Amino acid sequence: MELFTDASSTKGFGGYFKGEWFYSSWPSNIAYPDKTFSMAFLELYPIVVSAILWGSQWTTKRILFWCDNEATVAIVKKGRSKCLQIMKLMRKLTWCAYRQIPQTSSQCSTTSNEVPKQLRCNVVLNQAVNELWNSAIANTTRTVYDTGFRKFETFMLLNGFQFSNLPPISEDILIYFIAHCFKILSLQYSTIKLYLCGIRIGAATSAGKAKIEDHLIKTLGRWTSDSYIRYIRVTPASIKTAQSRIQEFAPPSQAVLEVTTLPICPSISVLVAIEAILNPTNDIQPFVEQISVTEKLMKLTRPYLYSELIRACFMGLIDANEKDNELNWAAFTYLKLPQVVVKMNQQAPRNDFSTDIEQGIDLLLNSVPLLDLTDIKLNCDCVQFLLLEFTKHDLITESQSQRLLHRRSTESEKPAKASDVATKPTPSLIIKAEPTVGSILKTLHTNVSALNSSSANTLDADCSKNQEALISVLCHMLSGKSFDLIIAAAAANGTLQNFAVKLVKINEYAKQVQQTQGESSKAAQNRALLFDISFLMLCHITQLYGSEIVTTAPDFFDTFFYQWATQCLPEDSKYKCIDNHTPTEQNKVDQLLGNLLKSHELNYIMTRWQEMCTNMPFVAQEILFAWEHGALSPDYVKAMVNRSKSKMLCLPIIMSTWLCSYMNTVGEESREKPLKMLQFLKNINPTEGEVHFTERSHLMSNILRKIVNDILPVNMKDKTNQHIPLKLLPCEVLDKCLKNLFSKGWIDMQSVYTLEQLLNLCGGDWFSDRTVMCMLEGSRLEDLNKALSIVYAIFYMDLEPLTLSLILHTIPKFLQTSQHTNLLTDPRGYILAKLCVMCITSAQTAKTAEKDIMSHLRRGRKRSRKEIELDEMEEPECRPVKRSKTMEPQLTLDAEGFNFVNMFRLMNAISQERSVGPQISFIVSFIEEAIKCGPQYSRGILQFMPPQMLSQIMRNMPAVFTNQQILHICDLSTLTGRKWAAKAVCQNARYKHDYINIDRNS
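Going by this note's numbering, the sequence shown opens with residue 775, and the numbers climb by one from there.
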């Protein structure tokens, strides 16, 4: 709509609007001969008259004023002037606009005083401005301002003015109010001046409450800048009302990944397998956090979640093909799982907790073939043992347990159990082992304390009795499979590190002579047995559960076993450097060689076993070099090796570790004689008269087999631990393994070990790329969802580094490389977006949870190859080794979460392109999936999103986000977030309006 006005200083003024017009000469009070009014005033006069005449027709319309006076245009634009007469006209025009016109404009352009966009988007400066504004006025001054406005409102009401929100304000009224303050209220001049300032501020607040537009408030208050916004004060009640209304716009709760339609939940199956196999000694809290995040992302019900947890445990028990693995699975199922369920209830209490568990087990009982197969494999009623443990922890009632057992017995289709079974089932053994662990720890604590409290110079009768009691307890543990059973139970209930600490103390006590005036043969033999047995036990525990069980215990960095394990004991198929220490006393090495060469038996009395163990690698070196140079015959070498293991079985282990490390540094042609020496060490010939030799030799054989296996030739290797075939490339092995998992929908133990070895061998970037590529090979949505569920859980093998590899390496490759662009088309594109959001959310949650868990509670977590190598780089005595790629500076999580700035910068650059392709579609899917996580998690992801990125995406893809989604994308707690949210909502409204007009025209 257009309005045409003009004025002449001698003729008069007129206006034209949509076929209507008016003309008049100047009134007598502004006749030209007085020359008291400027031309800007005269040109503004017909505009005000037009607003009075036709303002009712301008409601919800945009009006273009045609005026040929630039001064008048500038005044209308600014809404103010230094001339008193012009300001009276402007106030009249503003009030007309408030009542009739939503927005006015002019044809002429002027320089704007608005803050530039770059400054408005600067979060740091905006925060500083807010702080300065808040501290600019003292609290007492604010109180005076508020009092002044309330006094003005009272003055207006007392004099008969009626108003709802904003009282009418004019110069004449203010003059009378000043007189009222001076004469009636007897106020000082300075107070009256502050009251007038309060009226200005209070009027801005009242105008905002009356929903008057900001630009009109700016004109009425004669503000020249945007500072008037600071005076529009919002009450806490208004803020709460706005927040409640925003909550009403919250999108309905949705699952990022829907898995309830699948036969089993792949993510839960993989998470349980990784925890039970790779992290058997971990504290339960990190695993509970993993399950809780998965539950929220997939919107799993508690009964379904409990059912899948138990199902995964039973599938693992069926899949376990070795005794050690079966013990770990049984310990996790019957000892650790009840603790996990208890912890889940503590974190999210529910009134119907036992009912949820009962319903979950009811769901599990529908899988009759699975339960029958588990019972047959373990030769017992597995559900009955589990219900007993749940009842013991008050998870279900006795009546609920009896009902479930009755249903199980009536629906079971397994054959009748044989009555002549001699061995007890594994669940029964592991359940009974738990209290045994407690009693053993108590006994060890009592005897170790007695040893430490004994005199440093004499071994009295009581100390001798304590030694024999300790030997009896330790040797009893070594009989049969008792030791593996006990440490499996200790790993599950969190006491394995305490047990290892007790063994270290025993080893420290027995390593050296405690007397200065001689030692009896009996006492010397007992001390040697304590040293040997504790050393063997510690080696076995370290091999099964990682060196962190010992090395992370406080106050034990100076112990012998800690020093030897960190410098010599191979870990994760990685041998240590053979030059990390040198003999300090060559004469003792020569003496030990002489004893082995002359058929002299090892002397127990006054022997410092830590010195003998330290010298044994150099003894092995001298024997090997003498054999290679022809100084010793094979028979002499065999005899010397046999004498070394005739009494103390820790010595052949120490010699074997040096031989394996030595073989790892030489070529194939130089390995023949070291291999034969290893065979000599592995062959055990029982020695007559040696105490508990059979139990110790059995444990030593298991330890040597694990140490030696990786260095043996292919035809001599133990194939059970070789999970990557030598003739296949790692990429082929990974593709085959993943395709097998995707087809089955669950993970087996062989696949867990294969994936772990591939990750340690090839690194996180390679593993992330290959896994994502294999995941996106499917075409059916059901297959893609199943693959996504498995890959998401697989990333928990090393969640933080793999997530960083995904967002900083894999995703940029897909967004920037043309050959990968086709994989971003839906449904593959939003499947990849789901994976990114789920991994980021899980990693952030895990990082936050780590702050609440003390480091010593993360017991026994097996370190990655990168961590081990970095520790070796810090070891001062280690020889410099070749730096691998994993030893380069690594990106990690900082205290505030992930640094997504680079990824969002890339997305922002892509969103600025005018073309719409798979990359833009992926970015939209990424944002949508982040919103589905809920405000608890989405804010941690979207906080790094550039503010202008939303507007750019909606410019390329109009209305791609709903208003509900926009309110959750933008951070409404900040001024910048609210501005960009308002702009995006306006874009949606404009698109909807244009779409409706196009539809009407068509």
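Don't be surprised by glycine CBs; every beta carbon is placed ideally from N, CA and C. Quick caveat, the model's predicted, so the values are computed rather than measured.
Check	Outcome
Residue range of the unbroken alpha helix (DSSP H) whose run includes Tyr-790	No alpha helix (DSSP H) holds Tyr-790; the beta strand (DSSP E) holding it covers 786 to 791.
Minimum C-alpha distance to Ser-1430 - residue among Pro-1408, Ile-1477, Gly-1404 and Glu-1402	Ile-1477
Cβ pair count under 8 Å reaching 3, the region 1069 to 1076 against the region 1572 to 1580	no
Beta carbon of Ile-1204 nearer than 9 Å to that of Leu-1052	no
Local conformation of Ile-1260 per DSSP, three classes	helix
Residue environment, Ala-1669, which counts as buried when at least 16 other CB atoms sit within 10 Å	Bear in mind that a pLDDT of 36 at Ala-1669, under 50, signals an unreliable position, so the number given afterwards is only what the model happens to contain. Exposed: under 16 other Cβ atoms inside 10 Å.
Residue interval of the alpha helix (DSSP H) (run including Trp-828)	813 to 828
Nonlocal neighbours in the same chain, by C-beta distance under 7 Å from Arg-1657, ignoring five residues either side	Confidence at Arg-1657 is low in this model, with a pLDDT of 33, below 50, so its placement is unreliable and no value can be given for it.
Among Ile-1214, Asn-1361, Asn-1483 and Lys-1560, the one whose alpha carbon lies nearest that of Tyr-1349	Asn-1483
Three-state secondary structure (DSSP) of Phe-796	strand
Cβ separation of Ser-1695 and Gly-1603, assumed to be a contact under 8 Å, to the nearest whole Å	5 Å
Residues bridged to Asp-780 [DSSP beta-bridge criterion]	Gly-788
Contacts around Met-1723, its chain only, beta-carbon distance under 8 Å, and the 5 residues preceding and following it disregarded	Phe-1678, Met-1681, Asn-1682 and Ser-1685
Euclidean distance between Cα positions of Asp-1149 and Thr-1197	15 Å
Euclidean distance between Cα positions of Gln-1761 and Leu-1741	13 Å
Alpha-carbon spacing of Trp-1103 relative to Ile-1585, whole angstroms	36 Å
Limits of the unbroken beta strand (DSSP E) element including Leu-838	836 to 840
Identity of the residue in Cys-1536, Leu-1609, His-1594 and Asp-1539 nearest Asn-1559 by Cα	Leu-1609
Alpha helix (DSSP H) segment containing Thr-1165, residue limits	1156 to 1166
Counted within 10 angstroms of its Cβ, other Cβ atoms place Gly-1691 as buried (16 or more) or exposed	exposed
Span of the alpha helix (DSSP H), counted from its first residue to its last, around Ile-1038	Careful: Ile-1038 lies outside any alpha helix (DSSP H) and carries neither H nor E.
Neighbourhood of Thr-1619 by C-beta, 7 Å cutoff - its chain only, sequence neighbours within 5 removed	Glu-1063 and Val-1067
Helix, strand or coil at Glu-1185 according to DSSP, with G and I counted as helix	helix
Where the alpha helix (DSSP H) through Ala-1298 begins and ends	1295 to 1319
Through-space distance from Gln-1384 to Val-1278, alpha-carbon basis	13 Å
Leu-1406 versus Phe-1399: straight-line alpha-carbon distance, rounded	9 Å
Three-state secondary structure (DSSP) of Lys-1802	Residue 1802 cannot be examined here, being either before or after the span of the chain that is shown, 775 to 1776.
Reduced DSSP secondary structure (H/G/I, E/B, other) of Lys-1687	The question names Lys, but residue 1687 in the sequence shown is Glu. If DSSP states are grouped into helix, strand and coil, Glu-1687 belongs with coil.
Cutoff 7 Å; reference Ala-1561; Cβ partners in own chain excluding five residues on either side	Phe-1516, Met-1549 and Gly-1552
9 Å Cβ cutoff met for Leu-959 and Lys-992	no
Helix, strand or coil at Glu-1345 [DSSP, three-state]	strand
For Trp-795 and Thr-917, the rounded distance between their alpha carbons	52 Å
Cα-Cα separation, Val-1698 to Ile-1581	16 Å
Whole-number beta carbon distance between Phe-787 and Ile-860, since they are thought to touch under 8 Å	Incorrect: roughly 15 Å between the Cβ atoms, too far for contact.
Other residues of its chain near Val-1565: CB distance less than 7 Å, five sequence neighbours each side excluded	Thr-1545, Met-1549 and Leu-1609
Validate contact between the region 1168 to 1175 and the region 1124 to 1139 using beta carbons, cut 8 Å, 3 pairs	yes
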